[in-house]
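Those protein sequence lines, which keep their order, are chains A and B. Following the working numbering, the numbering of the first sequence begins with 3 at its first residue and continues without gaps. Following the working numbering, the numbering of the second sequence begins with 3 at its first residue and continues without gaps. Beta carbons are placed, not taken as given, at the ideal position from N, Cα and C, and that holds for glycine. Written below as structure tokens is the structure these notes are about.
Number of protein chains: 2
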Amino acid sequence: MTSSSGSSCAACKILRRKCTLKCLFAPYFPPDEPHKFANIHKIFGASNILKLLNELALNQRGDAVNSLAYEADARVREPIYGCVGVISVLQKQVLQLEQELALAERYLTQHVRARGRLKPVEYL
Amino acid sequence: MTSSSGSSCAACKILRRKCTLKCLFAPYFPPDEPHKFANIHKIFGASNILKLLNELALNQRGDAVNSLAYEADARVREPIYGCVGVISVLQKQVLQLEQELALAERYLTQHVRARGRLKPVEYL
Numbered sequence: 003m004t005s006s007s008g009s010s011c012a013a014c015k016i017l018r019r020k021c022t023l024k025c026l027f028a029p030y031f032p033p034d035e036p037h038k039f040a041n042i043h044k045i046f047g048a049s050n051i052l053k054l055l056n057e058l059a060l061n062q063r064g065d066a067v068n069s070l071a072y073e074a075d076a077r078v079r080e081p082i083y084g085c086v087g088v089i090s091v092l093q094k095q096v097l098q099l100e101q102e103l104a105l106a107e108r109y110l111t112q113h114v115r116a117r118g119r120l121k122p123v124e125y126l
Numbered sequence: 003m004t005s006s007s008g009s010s011c012a013a014c015k016i017l018r019r020k021c022t023l024k025c026l027f028a029p030y031f032p033p034d035e036p037h038k039f040a041n042i043h044k045i046f047g048a049s050n051i052l053k054l055l056n057e058l059a060l061n062q063r064g065d066a067v068n069s070l071a072y073e074a075d076a077r078v079r080e081p082i083y084g085c086v087g088v089i090s091v092l093q094k095q096v097l098q099l100e101q102e103l104a105l106a107e108r109y110l111t112q113h114v115r116a117r118g119r120l121k122p123v124e125y126l
């Protein structure tokens with residue numbers, strides 16, 4: 003599928019092939035975003051992406067391509083951990099926040115109980 | 003690299019090739035964990051994994067293979083979002099915990115201030 007300006011999609015440009023009206027990549031890889039396909043191609047390979055898209059319904063493919071692009075970008079930036087590194091950071095953040103929340107709730111409970119005990123004095 | 007029992011590594015078994023002492027996959031894909039390589043191969047492709055391992059130092063490859071296996075498993079289970087779905091869930095969890103913590107801290111501050119105002123009465 004060529005764009006209105008007549009350019010091939012970013013995938014066909016990188017794969018050096020003719021972009022036809024039936025191109026499965028074209029809706030998700032516009033010619034002005036070449037890096038999106040470049041990283042996906044480097045990490046997953048064009049044929050694996052094509053297989054994956056073919057297994058999904060049309061209305062699921064856009065989300066799938068975006069999540070694959072996110073994963074590929076993360077792996078290019080961080081070749082050892084990729085986006086699993088992001089998951090690890092977030093899991094630690096959740097754990098820390100849960101601990102801080104539990105502490106704040108414990109303090110709050112103690113303060114509320116302490117105020118409760120003071121009530122008879124307060125209203126003397 | 004064949005194991006002590008003489009079996010090929012899981013990667014060479016799946017790729018139907020001879021597993022030699024120089025096999026780059028063998029240290030990370032033991033014969034008794036065939037699914038680990040199967041999913042990585044399905045999602046990334048063996049040649050992409052090989053390229054990625056070759057770009058890393060020896061002591062980084064084990065972590066890289068494990069994070070790739072995690073990503074591949076997530077994508078097989080959830081073809082649209084893969085492990086980006088996990089990131090999305092964790093980000094929402096962080097946001098919710100931050101809001102709950104801010105609320106708990108606001109209540110705590112109010113209670114502490116309220117107790118402070120009551121002090122002169124308490125000690126009458």
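Select from the options the residue whose C-alpha is nearest the C-alpha of residue i.
{"i": "B:T22", "options": "B:V67, B:E35, B:Y72, B:S10", "result": "B:S10"}
{"i": "B:L26", "options": "B:A74, B:G64, B:P81, B:R77", "result": "B:G64"}
{"i": "B:P36", "options": "B:A116, B:R18, B:Y109", "result": "B:R18"}
Is there at least one Cβ from chain A nearer than 8 Å to residue i's Cβ?
{"i": "B:I16", "result": "no"}
{"i": "B:V78", "result": "no"}
{"i": "B:S5", "result": "Its pLDDT being 44, under 50, B:S5 is placed unreliably in this model, and the coordinates cannot settle the point."}
{"i": "B:F27", "result": "no"}
{"i": "B:L110", "result": "yes"}
{"i": "B:S69", "result": "yes"}
So, are the CB atoms of residue i and residue j less than 8 Å apart?
{"i": "B:A106", "j": "A:E57", "result": "no"}
{"i": "A:L92", "j": "B:L92", "result": "yes"}
{"i": "A:P81", "j": "B:L60", "result": "no"}
{"i": "A:N41", "j": "A:A74", "result": "yes"}
{"i": "A:L103", "j": "B:H113", "result": "no"}
{"i": "A:K20", "j": "A:P33", "result": "no"}
{"i": "A:R117", "j": "B:R117", "result": "yes"}
{"i": "A:K24", "j": "A:F31", "result": "no"}
{"i": "A:V96", "j": "B:Q95", "result": "yes"}
Establish whether the CB of residue i and some CB of chain B are separated by less than 8 Å.
{"i": "A:N50", "result": "yes"}
{"i": "A:A40", "result": "no"}
{"i": "A:E57", "result": "yes"}
{"i": "A:F31", "result": "no"}
{"i": "A:E73", "result": "yes"}
{"i": "A:R19", "result": "no"}
{"i": "A:T22", "result": "no"}
For a contact defined as C-beta to C-beta under 7 Å, what are the partners of residue i on chain B?
{"i": "A:V114", "result": "H113"}
{"i": "A:L92", "result": "I89, L92, Q93, V96"}
So with CB distances below 9 Å, who are the chain A contacts of residue i?
{"i": "B:Q101", "result": "Ordered by position in chain A, no residue passes the 9 Å Cβ test against B:Q101, which lies about 10 Å from the chain."}
Just to make sure I have the definition right: I need the residues of chain A whose C-beta is within less than 7 Å of the C-beta of residue i. Which are they?
{"i": "B:L54", "result": "P81"}
Residues of chain B with CB closer than 8 Å to the CB of residue i, please, in chain order.
{"i": "A:D65", "result": "I82, Y83"}
8 Å is my cut-off, CB to CB: does residue i come that close to chain C?
{"i": "B:A106", "result": "Protein chains in the displayed structure are A and B, and chain C is not among them."}
Closer than 7 Å to a non-hydrogen atom of the ligand ATP - does that hold for the CB of residue i?
{"i": "A:A116", "result": "No copy of the ligand ATP occurs in the structure displayed, which carries no ligand at all."}
**Prompt:** Contact between the region 44-51 of chain B and the region 31-47 of chain A: three or more CB pairs below 8 Å?
**Reply:** yes
**Request:** Could you tell me whether the region 84-94 of chain A touches the region 64-72 of chain B, using the rule of 3 or more Cβ pairs below 8 Å?
**Result:** yes
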